[in-house]
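K.L.:
Residue numbers (our numbering): 4 to 868.
So that we are looking at the same thing, I have put the structure below in structure tokens.
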């Protein structure tokens, strides 16, 4: 009787909804030019006819259900099938996306949305009603409320409440004290790009369908190592394809593409790392002749160039292939600490987040896997550190994972310096885990720190031998952190001391009293110390909170499914200049929902795996403090750690699916909703400690190997004897000058002739260049070829005026340049490519070979003289 009432009500509602949609369509403005009948076009008449048929069908269903018990029983059997529930859910998601997507998201079909909206809303309401019926039928067989299912998980609920309290306190602190909102004076970077709502929905739906389909086939039964290996390969391949094929616009660290090669070459910091790698390749050393604070990343680029050559798309592709292991690691971490579904969701979220990072490189100044910056590699290494440390916390008897965690953290410290501060924090965490067995805790700390030191040992020795500095990070710490960033906090002017009253003229000076500081001097000294402490505390707390807010900004705070550009440029968004920490009415509910899911994820990680479930959270807090202590936050500086928020968000969504699965008494997802531990046999396959020590020693010693064992490719040219070394006729003919002109030019003090490896040839038209005032790539008032040259003389950058772009110049070609030394760059008269067997580019328009060189003057018609 009750089921008849529900089916009847839903059928009548469906009929009335169809009628309302017909009226909606009829009231829309008519198309005068396309009218077929009654002022309506053929397309609209067809839509109205379709809705009319659906209305009549729904009415017929309601009548049939009332009059025929057999028909009702048949309908109940069909609606109770799992396939119907999945179809209704999928239909609900698809129509919800179509309804709430802005018209521009439809592309060239955007003009049809307004006409289709009535029928889309009817389908949305119908799918909701169908879902209600299906769930009600299931609950007739298993009458347990969702609230009761959740309440039975008392430990989860209590942990959820605790995490929610912590998150609430943080939000209140930000709102009241403006922590993380009020900018600091230095290195206060913008938030990174978010993951979009449509992407979250797509990853969730695909994960449920894909893993559910595999689960029904028995894919995960009794062969979890093979099944996880296959899924890992699929995730890795999918990430490589998406990250390499996603279009990346012109960006600061990777501008272009430019003629003559049509490639996007590195710029600024990225070019610095890559040119250091080329210096190692040509035998000019990696750190022996100049200070290097990121040796392992430069060695990483050196290895890529040696294996893959110098075409930037190939070099970037290899880097992407390596960093694409990050989603695989998140899958493995998620399946161990929560479930396969959580790991798969986390992998999908980080993949699409990186897609947005690549697409949004012009919208937010950050970095991504397609740019030659160290953040990508250090993110991968830190994820490996978190993964191995998590395994060890869960199984503290297996010290090989602890040793591996220490070694990987050491390698990460050779890529960027922030991981150095994680060493004492991780050591303290180890001691806390063994606070009742402090001797065992000390042994574990020694093992962890020993492998950390083993990884950095070769470069530490190299630094001491070549530069006399045992701490290889000493120069960066002093020059960048202390003098540039912390200087103002440590040197805030303090009040001048109040002079003491002088002694009477008749009094004799007392040497003992004269040596003691006066009370005012003591007060000034104490005041300076207090100012320094408060100054450091102020900027560390501000940058720490800014890091946390930056990581939280990865989630969308809008129910509409806007594009990435619209999301970032929307008024009141995290990235707008007007944002001061508040939310409008439409943003509050999505923000609260996101924080609820995130908090649930942290709670579920703790309940399922104890301390190992909150290792990622501890890592994020530690890394945020490390960057805040260096007075940096947000942007690319927090990129190596903000994936933790996506991980716990995936945990929260997976936990909701678990509760719904229990409520519906569904066994479809059972094998993908529980943590998956490695069996003891797999742990025994881990290499012995001695082998691990050799591996980390070799990897950490790679920069030293590249520095010591590659022979020099070039020699320093003597400009006065160059005519005797080359064929004089060929030289004069190639340079298009006479012997007298050459002799007069080469004797000038600023005349230069050097050879080396030519890098990043870019042709800039008149008045075009990069947003930099001091590099050779800055905008100049004449067309020119810009190139860097690395060789025994160092890193040189020069400009060759040309009327038009030359033929392609292979990146990494052997070049010899002739020109004049200048303030910001060298001004070249000629570039000889690949020696006497190659081609020679000469300055155009031609000018006298005198130093300083006379730069071309171009008119508005682009005619240069």
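Glycine is no exception: its CB is placed at the ideal position from the N, C-alpha and C atoms.
Leaving out the 5 sequence neighbours to the left and right, which residues in its chain are closer than 6 Å to residue 330 when beta-carbon positions are compared?
P.N.:
238, 242, 350, 353 and 354, listed in sequence order.
K.L.:
Would you kindly check if the distance between the Cβ of residue 772 and the Cβ of residue 836 is under 8 Å?
P.N.:
Contact: no.
K.L.:
Would you kindly check if the distance between the Cβ of residue 374 and the Cβ of residue 300 is under 8 Å?
P.N.:
No; because the gap between Cβ atoms is not below 8 Å, this pair is not in contact.
K.L.:
Let me check understanding here. Comparing Cα to Cα, which of 379, 566, 57 and 650 lies closest to residue 328?
P.N.:
It is 379 whose Cα lies nearest to the Cα of residue 328.
K.L.:
What did DSSP end up calling residue 790 once you bin it into helix, strand or coil?
P.N.:
Residue 790: strand per DSSP, three-state reduction.
K.L.:
Helix, strand or coil for residue 818, going by three-state DSSP, please let me know.
P.N.:
Correct three-state label for residue 818: strand.
K.L.:
Where in the segment 715–771 do unbroken runs of the beta strand (DSSP E), each at least 3 residues long, occur, reported from the N-terminal end onward?
P.N.:
As far as the segment 715–771 is concerned, its whole beta strand (DSSP E) runs of at least 3 residues are 754–767.
K.L.:
Select from 561, 613, 602 and 99 the residue whose C-alpha is nearest the C-alpha of residue 588.
P.N.:
Of the candidates 561, 613, 602 and 99, the one whose C-alpha sits nearest the C-alpha of residue 588 is 561.
K.L.:
Using a Cβ-Cβ distance cut-off of 8 Å, determine whether residue 576 contacts chain D.
P.N.:
Among the chains of the structure shown, chain D does not appear; only one protein chain is present.
K.L.:
What would DSSP say about residue 836, mapped onto helix, strand or coil?
P.N.:
Three-state DSSP puts residue 836 in a strand.
K.L.:
For residue 383 and residue 721, I'd like the C-alpha separation in whole angstroms.
P.N.:
Computed Cα separation, rounded: 46 Å.
K.L.:
Using DSSP with H/G/I as helix, E/B as strand and the rest coil, what is residue 639?
P.N.:
Of the three classes helix, strand and coil, the one that applies to residue 639 here is helix, per DSSP.
K.L.:
Hey, residue 82 and residue 137: beta-carbon distance below 8 Å or not?
P.N.:
Yes, the Cβ-Cβ distance between residue 82 and residue 137 is below 8 Å.
K.L.:
Please identify the residue among 76, 75, 432 and 189 whose C-alpha is closest to the C-alpha of residue 630.
P.N.:
Ranking 76, 75, 432 and 189 by Cα distance to residue 630 puts 189 first.
K.L.:
Within 10 angstroms of its Cβ, does residue 367 collect 16 or more other Cβ (buried), or is it exposed?
P.N.:
With 16 or more other Cβ atoms within 10 Å, it is buried.
K.L.:
Answer with buried or exposed for residue 187, where buried requires no fewer than 16 other C-beta atoms within 10 angstroms of its C-beta.
P.N.:
Per the 10 Å Cβ criterion, buried.
K.L.:
From 218, 322 and 831, pick the residue whose C-alpha is nearest to that of residue 756; which is it?
P.N.:
It is 831.
K.L.:
To test your reading of the DSSP string, which unbroken alpha helix (DSSP H) runs of 4 or more residues are found completely within the segment 374–413?
P.N.:
Within the segment 374–413, the complete alpha helix (DSSP H) runs of at least 4 residues are 377–397.
K.L.:
Quick check: the segment 652–661 against the segment 601–612, are there 3 or more CB pairs under 8 Å?
P.N.:
The segment 652–661 is in contact with the segment 601–612.
K.L.:
Kindly give me the distance between the Cβ atoms of residue 794 and residue 717, rounded to whole angstroms, as I take these residues to be in contact under 8 Å.
P.N.:
Indeed, because the Cβ distance is near 5 Å, the residues count as touching under 8 Å.
K.L.:
Could you give the distance in angstroms between the alpha-carbon of residue 438 and the alpha-carbon of residue 445?
P.N.:
The alpha-carbon atoms of residue 438 and residue 445 are separated by roughly 10 Å.
K.L.:
Would you check if there are 3 or more beta carbon pairs closer than 8 Å linking the segment 258–267 to the segment 802–818?
P.N.:
The answer is yes - the segment 802–818 touches the segment 258–267, with three or more Cβ pairs under 8 Å.
K.L.:
I'd like to check one pair, residue 713 with residue 284: are the Cβ atoms closer than 8 Å?
P.N.:
It is a contact, given that the beta carbons lie within the stated cut-off.
K.L.:
Identify, in the order they occur along the chain, each residue of the same chain with its Cβ nearer than 7 Å to the Cβ of residue 548, setting aside the five sequence neighbours on each side.
P.N.:
Closer than 7 Å at Cβ, skipping near neighbours: 177, 182 and 183.
K.L.:
With which residues is residue 802 paired in a DSSP beta bridge?
P.N.:
The partner list for residue 802 (beta bridge, DSSP) reads 789 and 830.
K.L.:
Measure the Cβ-Cβ separation of residue 162 and residue 582 and say whether it is below 8 Å.
P.N.:
Going by C-beta atoms, residue 162 is not nearer than 8 Å to residue 582.
K.L.:
Where does residue 163 sit, in a helix, a strand or coil, going by DSSP?
P.N.:
DSSP places residue 163 in helix when its eight states are reduced to three.
K.L.:
Please report how far the alpha carbon of residue 618 lies from the alpha carbon of residue 694, in whole angstroms.
P.N.:
Computed Cα separation, rounded: 26 Å.
K.L.:
Decide if the segment 403–420 is in contact with the segment 287–302; the criterion is three or more beta carbon pairs, one per stretch, under 8 Å apart.
P.N.:
Yes, the segment 403–420 is in contact with the segment 287–302.
K.L.:
Evaluate residue 68 with the Cβ neighbour count: other Cβ atoms within 10 Å of its Cβ, from every protein chain shown; 16 or more gives buried, anything less gives exposed.
P.N.:
Residue 68 should be labelled buried.
K.L.:
For residue 454 versus residue 622, is the C-beta spacing smaller than 8 Å?
P.N.:
No, the Cβ-Cβ distance between residue 454 and residue 622 is not below 8 Å.
K.L.:
Hey, how far is the Cα of residue 859 from the Cα of residue 806?
P.N.:
Those two C-alpha atoms are separated by around 10 Å.
K.L.:
Given that a residue counts as buried once 16 or more other Cβ atoms are within 10 Å of its Cβ, and exposed if not, what is residue 244?
P.N.:
When all chains shown are included, residue 244 counts as exposed.
K.L.:
Name, in chain order, the residues that DSSP records as bridge partners for residue 843.
P.N.:
DSSP output for residue 843 lists 835 as bridge partner(s).
K.L.:
Quick check on residue 266: does DSSP put it in helix, strand or coil?
P.N.:
Reduced to three states, the DSSP call for residue 266 is strand.
K.L.:
Measuring alpha carbon to alpha carbon, tell me which of 739, 808 and 778 ends up nearest residue 3.
P.N.:
Summary: the structure shown does not reach residue 3, with the chain confined to residues 4 through 868, and so no result is reported for it.
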